[in-house]
Amino acid sequence: QVPLVESGGGLVQAGGSLRLSCAPSGSIFSINAMGWYRQTPEKQRELVAAIGCSDDTVYLDSVKGRFTISRDNAKNTVYLQMNSLKPEDTAVYFCAAKTGAAITWNAWGQGTQVTVSS
């Protein structure tokens with residue numbers, strides 16, 4: 061599978077904003093859903109937000125109202141706008157995609173660190 065490449069992570073103060081971007085590193089067949097996961101050493105990887113091919117979205121309860129996922133189908137790119145960031149949002153954020161007829165996430169990025177200071 062062609063890997064995905066994330067960008068936009070970094071260090072921000074609590075209350076600040078960051079925008080993550082993710083796109084394939086090469087040609088990729090028929091992306092349907094795209095999403096963002098996050099992981100810390102203390103917690104298992106969790107789904108933060110996902111967006112389907114009809115722009116239907118799902119969000120982790122703790123980020124509802126603060127994070128917005130969007131996609132540019134022409135560029136096969138997905139974005140995660142993160143506002144009102146909290147220290148508990150600190151994690152490595154991973155981009156994921158479902159391609160073709162896949163029913164599980166079958167393409168992943170390498171992860172980007174987001175650190176929110178208090």
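The sequence shown begins at 61 in the numbering used here and counts up one residue at a time.
Ideal Cβ placement from N, Cα and C applies to all residues, glycine included.
Nonlocal neighbours in the same chain, by C-beta distance under 8 Å from residue i, ignoring five residues either side
{"i": "Val-123", "result": "Val-108, Ala-109, Met-142 and Asp-149"}
{"i": "Arg-131", "result": "Met-94, Ile-111, Asp-115, Thr-137, Val-138 and Tyr-139"}
Beta carbon of residue i nearer than 8 Å to that of residue j
{"i": "Trp-165", "j": "Gly-95", "result": "yes"}
{"i": "Ser-87", "j": "Thr-137", "result": "no"}
{"i": "Leu-140", "j": "Ile-129", "result": "yes"}
Residues bridged to residue i (per DSSP)
{"i": "Gln-173", "result": "Val-152"}
{"i": "Leu-140", "result": "Leu-80 and Ile-129"}
{"i": "Leu-64", "result": "Pro-84 and Gly-169"}
{"i": "Lys-103", "result": "Thr-100"}
{"i": "Ala-74", "result": "Ala-74 is not bridged to any residue."}
{"i": "Thr-117", "result": "Ile-111"}
{"i": "Ile-163", "result": "Ile-163 pairs with nothing; no bridge assigned."}
Nearest residue (CA-CA) to residue i, options the options
{"i": "Ser-178", "options": "Phe-127, Pro-147 and Leu-140", "result": "Pro-147"}
{"i": "Ser-67", "options": "Ala-161, Gly-160, Ala-157 and Tyr-153", "result": "Tyr-153"}
{"i": "Ile-163", "options": "Ile-91, Arg-79 and Gly-69", "result": "Ile-91"}
{"i": "Gln-74", "options": "Tyr-139, Ile-111, Leu-140 and Arg-126", "result": "A small correction: the amino acid at residue 74 is Ala; Gln does not occupy that position in the sequence shown. The option with the nearest alpha carbon to Ala-74 is Arg-126."}
{"i": "Gln-170", "options": "Leu-78, Arg-79, Ser-77 and Ser-85", "result": "Ser-85"}
{"i": "Arg-105", "options": "Lys-158, Leu-120, Ser-77 and Arg-131", "result": "Leu-120"}
{"i": "Leu-64", "options": "Phe-89, Thr-117, Leu-78 and Asp-115", "result": "Phe-89"}
Where residue i falls, given that 16 or more other Cβ within 10 Å makes a residue buried
{"i": "Cys-113", "result": "exposed"}
{"i": "Leu-71", "result": "exposed"}
{"i": "Lys-135", "result": "exposed"}
{"i": "Lys-103", "result": "exposed"}
{"i": "Ala-161", "result": "exposed"}
{"i": "Thr-172", "result": "buried"}
{"i": "Thr-100", "result": "exposed"}
6 Å CB neighbourhood of residue i in its chain, flanking five on each side removed
{"i": "Thr-175", "result": "Leu-71 and Thr-150"}
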